[in-house]
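A.B. asks:
Number of protein chains: 2
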Amino acid sequence: MTVAKKFEKLGNRFSPGQHARHSADAAAFLVGDILPGRAVDFSHGDVVAHPPSAESFACFAAAVDAGAAYTLYRGAEEIRTILSGRLADFTGAPVNAKEELIITPGSQGALFLAIAATVAAGDKVAIVQPDYYANRKLVEFFEGEMLPVRMDYVTTSGRAGLDLDQLEDAFRAGARVFLFSNPNNPAGVVYSADEIDAIAALAGRYGVTVIADELYSRLLYAGSTYTHLRARAVDPDQVITIMGPSKTESLSGYRLGIAFGAAQIIERMEKLQGIVSLRAPAYSQAVLRTWFAEPAGWMAARIAAHQAIRDDVLRLFRGIDSCRIRTPDAGSYLFPELPALRIAPADFVTALREQAGVVVTPGTEFSPHAGRNIRLNFSQDREATAAAVTRIAALVERYRA
Amino acid sequence: MTVAKKFEKLGNRFSPGQHARHSADAAAFLVGDILPGRAVDFSHGDVVAHPPSAESFACFAAAVDAGAAYTLYRGAEEIRTILSGRLADFTGAPVNAKEELIITPGSQGALFLAIAATVAAGDKVAIVQPDYYANRKLVEFFEGEMLPVRMDYVTTSGRAGLDLDQLEDAFRAGARVFLFSNPNNPAGVVYSADEIDAIAALAGRYGVTVIADELYSRLLYAGSTYTHLRARAVDPDQVITIMGPSKTESLSGYRLGIAFGAAQIIERMEKLQGIVSLRAPAYSQAVLRTWFAEPAGWMAARIAAHQAIRDDVLRLFRGIDSCRIRTPDAGSYLFPELPALRIAPADFVTALREQAGVVVTPGTEFSPHAGRNIRLNFSQDREATAAAVTRIAALVERYRA
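Protein sequences, first through last, are from chains A and B.
Heads up: the first sequence begins at 6 in the working numbering, then just goes up one per residue.
Heads up: the second sequence begins at 6 in the working numbering, then just goes up one per residue.
1. Have a look at residue 280 (chain B) and residue 317 (chain B) and give me their C-alpha separation to the nearest angstrom.
2. Please work out which residues of its chain come closer than 6 Å, Cβ to Cβ, to residue 183 (chain A), disregarding the five sequence neighbours upstream and downstream, and give them in chain order.
3. By the criterion of Cβ-Cβ separation under 9 Å, what are the contact partners of residue 49 (chain B) in chain A?
4. For chain B, find out if any of its Cβ atoms is closer than 8 Å to the Cβ of residue 2 (chain A); answer yes or no.
5. If we ignore side chains and look at the alpha-carbon of each, how far apart do residue 176 (chain A) and residue 267 (chain B) end up?
6. Report yes or no: do the region 306–323 of chain A and the region 331–347 of chain A share at least 3 C-beta pairs separated by less than 8 Å?
7. What do you get for residue 36 (chain A), buried or exposed, if any count of 16 or more other CB atoms within 10 angstroms of its CB means buried?
8. How long is the line joining the alpha carbons of residue 179 (chain A) and residue 194 (chain A), rounded to whole angstroms?
9. Between A:371, A:392 and A:377, which has its C-alpha nearest residue 189 (chain A)'s C-alpha?
10. If the cut is a Cβ gap below 7 Å, which residues of chain A does residue 52 (chain B) touch?
11. Restricting to runs no shorter than 4 residues, where is the alpha helix (DSSP H) found entirely within the region 50–103 of chain A?
12. Starting from residue 17 (chain B), find everything on chain A with Cβ-Cβ shorter than 8 Å and list it in chain order.
13. Measure the Cβ-Cβ separation of residue 55 (chain B) and residue 257 (chain B) and say whether it is below 8 Å.
14. My output table needs one value for residue 180 (chain B): the three-state DSSP class, helix, strand or coil.
15. Which two residues bound the contiguous beta strand (DSSP E) that contains residue 265 (chain A)?
16. Take residue 288 (chain A) and list the residues in its own chain whose beta-carbon comes closer than 6 Å to its own, dropping the five residues that flank it on each side.
17. If we ignore side chains and look at the alpha-carbon of each, how far apart do residue 107 (chain B) and residue 228 (chain A) end up?
18. Hey, would you say residue 154 (chain B) sits closer than 8 Å to residue 167 (chain B), going by beta carbons?
19. Going along chain A, which residues have a C-beta under 7 Å from residue 364 (chain B)?
20. Where in the region 269–293 of chain B do unbroken runs of the beta strand (DSSP E), each at least 3 residues long, occur, reported from the N-terminal end onward?
21. Alpha carbon to alpha carbon, how far is residue 224 (chain B) from residue 172 (chain B)?
22. Which residue or residues does DSSP assign as beta-bridge partners of residue 338 (chain B)?
23. For residue 51 (chain A), count neighbouring C-beta atoms within 10 Å of its own C-beta (all shown protein chains included) and say buried if the count is 16 or more, exposed if not.
24. If you drop the 5 nearest sequence neighbours on each side, which residues of the same chain put their C-beta closer than 7 Å to that of residue 62 (chain B)?
25. Which chain B residues sit within Cβ distance under 8 Å of residue 288 (chain A)?
26. How is the alpha helix (DSSP H) around residue 355 (chain A) delimited, first residue to last?
27. Identify each residue in the region 186–200 of chain A for which the Cβ-Cβ distance to at least one residue of chain B is less than 9 Å, and report them in chain order.
28. Going by C-alpha to C-alpha distance, which of B:7, B:349 and B:115 sits closest to residue 149 (chain A)?
29. Check residue 217 (chain A) in the structure and name its three-state DSSP category.
30. What's the C-alpha gap between residue 262 (chain A) and residue 247 (chain A)?
31. What's the C-alpha gap between residue 399 (chain B) and residue 39 (chain B)?
32. In angstroms, rounded to a whole number, what distance separates the CA positions of residue 113 (chain B) and residue 302 (chain B)?
33. If contact is defined by three or more beta carbon pairs under 8 Å, each pair taking one atom from either stretch, is the region 116–125 of chain A in contact with the region 282–296 of chain A?
34. Please list the segments of the beta strand (DSSP E) lying wholly inside the region 190–252 of chain A, counting only runs of 3 or more residues, in order along the chain.
35. Tell me whether residue 20 (chain A) is buried or exposed, calling it buried when 16 or more other Cβ atoms sit within 10 Å of its Cβ.
36. What separation, rounded to the nearest whole angstrom, lies between the Cα atoms of residue 259 (chain B) and residue 85 (chain A)?
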């Protein structure tokens, strides 16, 4: 494939936060007035409304003072040692600090390196629909072939709703890698222990490498239980787990992510990181000292704050006739399916931005079958969020088919 | 190419700073005692000996306070606007802030994205020998074909010594991209105006895209003059210039780089950054406010400090019989060619580490023809450097053939 062709396919027009690059055309489909209210950008969280723990900046400042500007490409050994113990405790399976863990620039960096380390041109990769928008793009960039696996998150309950038969079909058809987010981004559903065990069993049977993006696995709402794939009956050399402190912990501005698991894949990831960005920002790495070591009650308070906002927003979306939405088990995303509108989904996203001061991410970023969905990151100011979703509801009525 | 094969080729065993990953075997070739003295890691600069300007950390802290955790993938518009003016002044040609500039995680990030945006499998790329070790690896990772171009930096003076006939041969043979560092890493030589104009003319004639890595172009010693390719007679759509504040300005710990030039290539780079690491660390981006705006006299003092160390080290290497070394015009690298030794070059690098407490980068990282060279980043404490190079000289005598 030529470079020009490769990059034609790689779009970012609708990627979260990129709307500022694209001036709206004076849109002929817009009717009615602008709805006043405080603008809310639901494409990412608000770190002022939900600030990082106070210790994070102090750790950064201390690293600057110490002149700790350089580390191994895979990250500072001391930090990796601290993290390996905490991540082993959290996930319920050991992590070798020297060989099985790499610190990356954001969890996006970890995803990129993990896919690069496992997928070559023509390799088949099973991808859930819907799932994180970059997964598909990563596979396409490395010229892999995507085998979609349906997840019926809307009508299922008690489990994520992955179609396990379709997953086995994909593995049987030769998928070498299965990449999925759990909790699912955008739907916020958590895979049940049975689903995780079924994935583990299938991966073992077909020799598939599994990349589990567990970015949101700490922000778990009351009543949810979480199962880490790496702690179940699966060959550790077949699993890479990805996490990071960018979301729940509001540390995105430091650009930190973690991948841990299969030593051979981590080794490849480090080799590649050496020519991609050398290392995660060295001073930022020190901020990871605070991760999984927040003050007592900090995480519980964060979960409670998000659960309250989640419930506000669910109530508002459920007040819209013919809107379908599932209660997220975890994370800060909502993925409502809106009723039929008389303008195109992309135009409705524009209407929300221009007439309601609300930025959302179109559902088609996550699945070609989610044209009627929008994704909201509700890690925002609570009052502003409720007001913004009320404006979304008003525009749904304005443009209802 | 399979993933396994691709990563077998991508080595980092001898990459700067990676020595800590590889325990030395109890080496049978080592003779004599350990030479005492303060250890010096010449694989990268010492940001304690040469600290960043005081304002840099204050800018970072202000960004954290403001909660500026998210930016466009190409970087914050305000920062890009500030930089575009300064970079236009510095290089002598305009930069459009909106379309022609991207902020990346380090200048390594910029190099990676620029090569990814211009080189597909089978594309030919002209690469100077010697040049920055990652250039070759980047071309190989994207399965491009490398066409080497010789640079006779040792015996030439008044110019870098690029073999322009070989460059034209490479262009005639179908090179689509020419990637080179100026000042050259590792040799520290600056291309003359005539050489830059010849490159510009050849690039125009053969339609070659030029990626100019100008990372060290601010650290210019007395008597040197620098010519920016982008300001000469060349189609702006054919040139990407890469810089960053990691080296001269000691800001490596913040992971910041810049690429500017051809809008279409910058656009591709942003698309790719959106799936590689999303953006350069958002808080770090604010540190770029200080770049090219250091306090009066700051850069002159930095240059003087480095020139003094350079001259110390040159004197010491020139005291070694049959050692060849050229005076660098710019930057903080020295690339001495050592006399013939009775142990292999890689073993001598091990001897330096184990017996002299000195880490250097082997010449073969930069050119297959530089087996007798070592690279030193002399941005270090002056006294420790002189003592360390004295130990290198002692080990050269110990192992002389």
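Cβ coordinates follow ideal geometry from the N, Cα and C atoms, glycine included.
C.D. replies: In brief:
1. 46 Å
2. 131, 213 and 215
3. 74 and 75
4. Here chain A has residues from 6 to 406 only, and residue 2 (chain A) is not among them.
5. 43 Å
6. yes
7. exposed
8. 27 Å
9. A:371
10. 72 and 74
11. 60–71 and 82–96
12. 78, 275, 276 and 279
13. no
14. strand
15. 262–266
16. 65, 68 and 69
17. 45 Å
18. yes
19. Per Cβ cutoff of 7 Å: no residues; residue 364 (chain B) is ~11 Å from chain A at best.
20. none
21. 27 Å
22. B:382
23. buried
24. none
25. 258 and 259
26. 350–361
27. none
28. B:7
29. strand
30. 7 Å
31. 11 Å
32. 28 Å
33. no
34. 214–218 and 244–248
35. buried
36. 19 Å
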